[in-house]
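Q:
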Amino acid sequence: MSIVFDSERRTITLNTRQTSYQMKLSETGYLLHLYYGAGIEGDMSYLYEPADVGFSPNPVSKRLDRRWSLDILPQEYSSGNTGDYRLNALSCVNAAGVWGADLRYQSHSVRPGKYAVEGMPAAFDKGSECETLSVILADVSAGVEVELLYGVFEEKDVITRAVRIRNTGEGALRLEKAASACLDLPYGDWELLHFHGRHAMERIPERVPLLTGIETVSSRRGASSHQQNPFVVLCRPDTTEQAGECLGLMPVYSGSHRADIERDQMGSVRAVMGIHDEQFSWTLLPGESFSTPEVLMSFCADGLGALSRRYHRFLRHNVCRSRWTFRRRPVLLNNWEATYFGFTSEKLLNIAREAKELGVELFVLDDGWFGERCDDNRALGDWAVNEEKLPGGLNPLIEQIEAMGLKFGLWIEPEMVSEDSELYRAHPDWALTVPGRSPAMGRNQLVLDLGRKEVEDFLFETFSSLLSGHRISYIKWDANRHITDVYSRALPPERQGEALHRYMLGLYSLLERLTTAFPEVLFEGCAGGGGRFDAGMLAWFPQIWCSDDTDPIERLTIQRGTSYGYPVAAVGSHVSASPNHQDGRQTPFGTRGLVAMSGTFGYELDPGKLSGEEKEQIRAQIALFSELYELIQNGEYYRLEEEKHGPSFSAWEFVAPDKAEALLCLVVTHPESNPAPLHLRWQGLDENASYRVWRREFFGCALPIPSDTPELADERPTLSGSALLHAGYTLPRMYGDYPSVLVHLKKA
Ligand code: GLA
9 MSIVFDSERR
19 TITLNTRQTS
29 YQMKLSETGY
39 LLHLYYGAGI
49 EGDMSYLYEP
59 ADVGFSPNPV
69 SKRLDRRWSL
79 DILPQEYSSG
89 NTGDYRLNAL
99 SCVNAAGVWG
109 ADLRYQSHSV
119 RPGKYAVEGM
129 PAAFDKGSEC
139 ETLSVILADV
149 SAGVEVELLY
159 GVFEEKDVIT
169 RAVRIRNTGE
179 GALRLEKAAS
189 ACLDLPYGDW
199 ELLHFHGRHA
209 MERIPERVPL
219 LTGIETVSSR
229 RGASSHQQNP
239 FVVLCRPDTT
249 EQAGECLGLM
259 PVYSGSHRAD
269 IERDQMGSVR
279 AVMGIHDEQF
289 SWTLLPGESF
299 STPEVLMSFC
309 ADGLGALSRR
319 YHRFLRHNVC
329 RSRWTFRRRP
339 VLLNNWEATY
349 FGFTSEKLLN
359 IAREAKELGV
369 ELFVLDDGWF
379 GERCDDNRAL
389 GDWAVNEEKL
399 PGGLNPLIEQ
409 IEAMGLKFGL
419 WIEPEMVSED
429 SELYRAHPDW
439 ALTVPGRSPA
449 MGRNQLVLDL
459 GRKEVEDFLF
469 ETFSSLLSGH
479 RISYIKWDAN
489 RHITDVYSRA
499 LPPERQGEAL
509 HRYMLGLYSL
519 LERLTTAFPE
529 VLFEGCAGGG
539 GRFDAGMLAW
549 FPQIWCSDDT
559 DPIERLTIQR
569 GTSYGYPVAA
579 VGSHVSASPN
589 HQDGRQTPFG
599 TRGLVAMSGT
609 FGYELDPGKL
619 SGEEKEQIRA
629 QIALFSELYE
639 LIQNGEYYRL
649 EEEKHGPSFS
659 AWEFVAPDKA
669 EALLCLVVTH
679 PESNPAPLHL
689 RWQGLDENAS
699 YRVWRREFFG
709 CALPIPSDTP
719 ELADERPTLS
729 GSALLHAGYT
739 LPRMYGDYPS
749 VLVHLKKA
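Heads up: the sequence shown runs through residues 9 to 756, numbered per the working numbering.
What follows is the structure, given as structure tokens:
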């Protein structure tokens with residue numbers, strides 16, 4: 009039983025394999041939060057010594073015993089205007105103008121299985137993995153009922169939370185903020201680790217101490233964004249990759265989001281996470297309810313690496329719905345950086361032919377195949393094939409590509425419209441723009457109002473006929489701007505605050521319909537690279553283009569940052585040309601391959617422009633990737649402690665679930681004339697086993713170091729798992745620009 013109600017002590021405890029979470033129905037009727045951390049037993053109330061704290065109000069039943077205050081005690085879900093001055097989770101106004109809700113416990117129930125979140129992606133139970141706790145709180149006189157939902161995945165050490173708010177009053181209830189989770193951490197020092205960035209440099213980790221006041225991680229962009237990813241980790245100051253306490257909070261949401269972390273007058277920490285409350289309001293008529301997105305919480309006492317691996321497993325097993333999640337994905341070649349908009353079918357076929365010869369399995373036609381799309385200023389919305397570029401439409405091209413033995417994939421950007429398009433001329437009101445104001449442009453395009461059912465239906469019809477009329481095996485779903493000018497012509501003035509969230513609900517509904525209708529199509533998400541890399545999108549897209557930056561050296565930072573929350577199998581990553589098109593850097597072909605292999609792996613270049621030697625390298629890379637596929641995609645991922653070594657290299661590792669093999673990848677990022685030894689300690693190996701170095705392959709070294717092939721492996725000594733873990737492993741010096749190495753161990 010993962011959810012335990014102790015009726016005598018009035019505690020509800022959620023237990024997972026290694027963690028406990030406890031709340032208490034207090035004598036005042038408020039639902040207190042007592043604890044979240046490593047597994048414990050007993051009633052944690054003893055932690056909260058009553059104390060009279062000046063200027064922290066007391067509920068009326070405690071007016072003569074001033075040692076009880078909502079402002080001090082940890083809460084499960086707090087609303088304002090009732091004596092808790094910290095961050096609130098719910099802000100609402102009822103028809104009488106009463107602001108806030110005085111939420112008191114009403115009832116609770118426990119049931120097997122996982123609750124669903126209406127209209128939104130959420131974690132699912134694969135069969136007896138989860139128990140659901142529902143707690144009803146209410147402010148009867150204000151007409152507000154709140155259902156707190158908890159999904160306890162005992163074996164996975166994950167607790168999910170979502171909230172349903174119901175109007176039980178007689179007039180309208182306006183929500184101005186409806187967070188998904190409020191989590192109080194009353195004791196201890198915490199730091200905040202979050203993932204900020206920008207276009208072409210997403211998810212850079214930043215770790216900051218929590219000072220008194222509020223830290224906010226948020227996006228108001230109508231997308232989870234390149235700028236601040238919706239994932240935060242609270243950790244102790246001494247927490248490292250391999251040890252220490254940390255706690256992740258990740259919303260299953262792709263729109264504007266917000267996480268606030270407050271350290272209050274007593275040093276207590278409160279984290280509140282959910283939909284961004286700016287440009288948000290929601291009107292509930294009597295009897296109506298509103299569901300918040302879900303948040304995935306996990307507490308881990310074994311360091312950041314272990315926390316990441318938990319999220320990797322959980323997202324793949326319990327959030328990603330695609331049939332492709334665990335299937336072997338094809339090695340693709342995408343024509344974007346090969347041709348941009350300047351292609352003809354002949355050019356595409358030449359690229360595809362070369363690609364097939366080298367071992368590529370899927371050819372992807374990117375932007376520019378439709379309408380008058382000769383550049384990125386026009387034609388979004390006109391999803392009819394441009395027959396000047398592709399005579400006879402897509403089918404003749406697809407037939408020839410399939411005849412070569414390749415699958416065919418296509419780029420689309422459904423959510424957007426160009427002003428210069430047939431669609432915009434026919435339906436200008438379908439775009440999000442403010443009446444009487446010229447809209448801000450992003451890539452010279454506008455965003456369709458997906459909150460409107462007719463827009464969603466139009467997109468469903470358009471793309472389902474595209475998919476049913478052509479043999480398309482893969483779709484790259486792009487979204488190349490953020491939302492401004494939020495104003496829906498389908499909503500009355502008092503409901504304009506609903507437009508952004510209705511957009512997300514429309515998008516989720518469209519994705520659900522299309523992926524259900526075409527379950528065999530592999531969908532890859534994209535939003536100008538990794539501008540919507542989040543748990544919500546992963547529900548439909550088992551892979552997401554990680555960044556528009558394909559420079560392997562910058563990718564080391566981007567992919568490493570992404571790995572804190574998201575699995576390698578979801579990271580879209582390609583080998584592109586050198587000099588790199590984004591930053592002009594020149595890198596060895598082999599290093600580009602090694603970095604791209606720590607993702608879904610593919611190419612984004614014109615193989616016709618490569619030398620014979622480079623083409624041979626593609627053949628070898630694809631063969632190597634196929635051999636290592638299982639280990640990389642389904643193995644456990646470890647970030648090695650690169651920060652200890654200064655900035656000279658980046659290294660990471662994969663370990664098979666049964667620890668029978670492991671793979672170390674290392675890229676030298678700063679060549680040095682007289683470098684310190686390249687020494688690392690492996691992680692995750694079987695301490696009691698012996699390992700043989702099965703293969704060591706060096707890429708791009710200026711002075712050649714012979715690579716060791718598997719045939720030579722028998723001649724090399726075996727090393728004990730304990731030695732590799734504790735004493736470590738030393739590599740030869742590698743000279744040149746960005747050389748790299750891959751070391752494959754197998755149990756002897
Ligand atoms: C975005 C994507 C790129 C490419 C272009 C096409 O920027 O991230 O990979 O598809 O759009 O316009």
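For every residue, glycine included, the Cβ atom is placed at its ideal position computed from N, Cα and C.
In three-state DSSP terms, what is G413?
A: On the sequence shown, residue 413 is found 405 positions in, with the first residue counted as 1. Correct three-state label for G413: coil.
Q: Using three-state DSSP, classify L405 as helix, strand or coil.
A: To locate residue 405, count along the sequence shown from 1; it is residue 397. Reduced to three states, the DSSP call for L405 is helix.
Q: Quick one: is Q594 buried, meaning 16 or more other Cβ sit within 10 Å of its Cβ, or exposed?
A: Here residue 594 is taken as the residue at index 586 of the sequence shown, counted from 1. With fewer than 16 other Cβ atoms within 10 Å, it is exposed.
Q: Are E345 and S584 closer than 8 Å when you measure CB to CB?
A: As a first step, residue 345 is located in the sequence shown; it is residue number 337 there, counting from the start. As a first step, residue 584 is located in the sequence shown; it is residue number 576 there, counting from the start. Closer than 8 Å, so yes.
Q: Measuring only from the beta carbon, is N326 closer than 7 Å to any heavy atom that is part of ligand 1?
A: To locate residue 326, count along the sequence shown from 1; it is residue 318. No, the Cβ of N326 stays beyond 7 Å of every heavy atom of ligand 1.
Q: What is the rounded straight-line gap between the Cα of P679 and the Cα of L370?
A: Residue mapping note: residue 679 aligns to position 671 of the sequence shown, counting from 1. Residue mapping note: residue 370 aligns to position 362 of the sequence shown, counting from 1. Approximately 36 Å, taken between the alpha carbons.
Q: Check each candidate in L312, W485, P501, G620 and name the one with the smallest Cα separation from E649.
A: Here residue 649 refers to the residue found at position 641 of the sequence shown. Selected option, being the one with the closest Cα: L312.
Q: Three or more C-beta pairs closer than 8 Å, one from the stretch 225-234 and one from the stretch 183-193: is that the case here?
A: As far as the Cβ criterion goes, the stretch 225-234 does not touch the stretch 183-193, which means the pair count is below three.
Q: Can you pull every residue whose C-beta falls closer than 6 Å to some heavy atom of ligand 1, listed in chain order?
A: The answer, residue by residue, is W344, D374, D375, D384, W419, D486, N488, C534, G536, G537, W553, D556.
Q: Which whole-angstrom value describes the C-beta separation of L458 and E423, a residue pair presumed to lie in contact below a C-beta threshold of 8 Å?
A: The sequence position of residue 458 within the sequence shown is 450, counting from 1. The sequence position of residue 423 within the sequence shown is 415, counting from 1. Right, the Cβ-Cβ distance comes to about 6 Å (below 8 Å), so this counts as a contact.
Q: Roughly how many whole angstroms lie between the Cα atoms of G505 and W198?
A: As a first step, residue 505 is located in the sequence shown; it is residue number 497 there, counting from the start. As a first step, residue 198 is located in the sequence shown; it is residue number 190 there, counting from the start. Roughly 34 Å between the two C-alpha positions.
Q: At 4 residues or longer, what runs of the alpha helix (DSSP H) sit wholly inside the stretch 538-624?
A: Runs of the alpha helix (DSSP H) inside the stretch 538-624: 543-546, 560-571, 597-605.
Q: Are the beta-carbon atoms belonging to F416 and S353 less than 8 Å from one another?
A: Here residue 416 refers to the residue found at position 408 when the sequence shown is read from its first residue. Here residue 353 refers to the residue found at position 345 when the sequence shown is read from its first residue. No, the pair does not count as a contact, with Cβ atoms beyond the cut-off.
Q: Pull up the DSSP beta-bridge partners for I283, would you.
A: Counting from one through the sequence shown, the residue named residue 283 turns up at place 275. Answer is H265.
Q: Please report the residue range of the alpha helix (DSSP H) in which T470 lies.
A: By one-based count along the sequence shown, residue 470 stands at place 462. 461-477 is the extent of the alpha helix (DSSP H) around T470.
Q: On a CA-only basis, which of F706, A710, S426 is nearest T717? Give me that one, please.
A: Working through the sequence shown from its first residue, we reach residue 717 at position 709. The shortest C-alpha separation from T717 is found at F706.
Q: Applying the 10 Å Cβ sphere with the 16-neighbour rule, what's the burial state of Q567?
A: Counting from one through the sequence shown, the residue named residue 567 turns up at place 559. Result: buried.
Q: Assuming N713 is part of the alpha helix (DSSP H), what are its boundary residues?
A: Within the sequence shown, numbered from 1, the residue matching residue 713 stands at position 705. Note that residue 713 is Ile in the sequence shown here, rather than Asn. Taken as a continuous stretch (DSSP letters only), I713 belongs to no alpha helix (DSSP H), as it is neither H nor E.
Q: Looking at G108 and S142, is the spacing between their C-beta atoms short of 8 Å?
A: One-based indexing of the sequence shown puts residue 142 at position 134. One-based indexing of the sequence shown puts residue 108 at position 100. Taking 8 Å as the Cβ cut-off, S142 and G108 do not qualify as a contacting pair.
Q: Taking the continuous alpha helix (DSSP H) assigned at Y319, which residues delimit it?
A: As a position in the sequence shown, residue 319 is number 311, starting the count at 1. Note, Y319: alpha helix (DSSP H), 311-326.
Q: Across which residues does DSSP place D192 in a beta bridge pair?
A: Position 184 of the sequence shown holds residue 192. R278.
Q: Do three or more CB pairs link the stretch 611-625 to the stretch 523-538 at distances below 8 Å?
A: Short answer: they don't touch.
Q: Kindly indicate which three-state DSSP category N342 falls into: helix, strand or coil?
A: In the sequence shown, counting from the first residue as 1, residue 342 sits at position 334. Three-state result, N342: strand.
Q: Determine the direct distance from the alpha carbon of R503 to that of R266, and round the result to whole angstroms.
A: Here residue 266 refers to the residue found at position 258 of the sequence shown. Here residue 503 refers to the residue found at position 495 of the sequence shown. In a straight line, the C-alpha of R266 is about 21 Å away from that of R503.
Q: Leaving out the 5 sequence neighbours to the left and right, which residues in its chain are closer than 6 Å to P655 when beta-carbon positions are compared?
A: The residue labelled residue 655 in the question sits at position 647 within the sequence shown. Closer than 6 Å at Cβ, skipping near neighbours: H678.
Q: Going by other Cβ atoms of all chains shown within 10 Å of its Cβ, with 16 needed for buried, is L157 buried or exposed?
A: The residue given as residue 157 occupies position 149 in the sequence shown. Its Cβ being crowded by 16 or more others within 10 Å, L157 is buried.
Q: So, with DSSP's three-state summary, where would you put A46?
A: Numbered from its first residue, the sequence shown carries residue 46 at position 38. Note: A46 maps to strand in three-state DSSP.
Q: Pick out the complete beta strand (DSSP E) segments inside the stretch 94-159, 3 residues or longer, and give them in chain order.
A: Fully enclosed beta strand (DSSP E) runs of 3 or longer: 98-101, 112-120, 138-147.
Q: For the stretch 390-397 and the stretch 449-457, state whether three or more C-beta atom pairs, one from each stretch, are separated by less than 8 Å.
A: Counting Cβ pairs under 8 Å, fewer than three are found: no touch.
Q: DSSP on P58, reduced to helix/strand/coil?
A: Taking the first residue of the sequence shown as position 1, residue 58 is located at position 50. Residue state, collapsed to three classes: coil.
Q: Take K216 as the anchor and find which of R271, N175, R169 has the nearest alpha-carbon.
A: Taking the first residue of the sequence shown as position 1, residue 216 is located at position 208. A small fix is needed here, since residue 216 is Val in this sequence, not Lys. Out of R271, N175, R169, R271 has the C-alpha closest to the C-alpha of V216.
Q: Using the three-state DSSP reduction, which class does V260 fall into: helix, strand or coil?
A: Residue 260 sits at position 252 when you count from the first residue of the sequence shown. Reduced to three states, the DSSP call for V260 is coil.
Q: If you follow the beta strand (DSSP E) that N696 is in, where does it begin and where does it stop?
A: Here residue 696 refers to the residue found at position 688 when the sequence shown is read from its first residue. No beta strand (DSSP E) contains N696, which DSSP labels as neither H nor E.
Q: What residue from L257, G477, L341, V368 has the CA that sits closest to K484's CA?
A: Taking the sequence shown and counting its residues from 1, the one referred to as residue 484 is at position 476. Per the Cα distances, L341.
Q: Just to confirm before moving on: does the CB-CB distance between P301 and V241 stay below 8 Å?
A: Working through the sequence shown from its first residue, we reach residue 301 at position 293. Working through the sequence shown from its first residue, we reach residue 241 at position 233. In this structure, V241 does not lie closer than 8 Å to P301 by Cβ.
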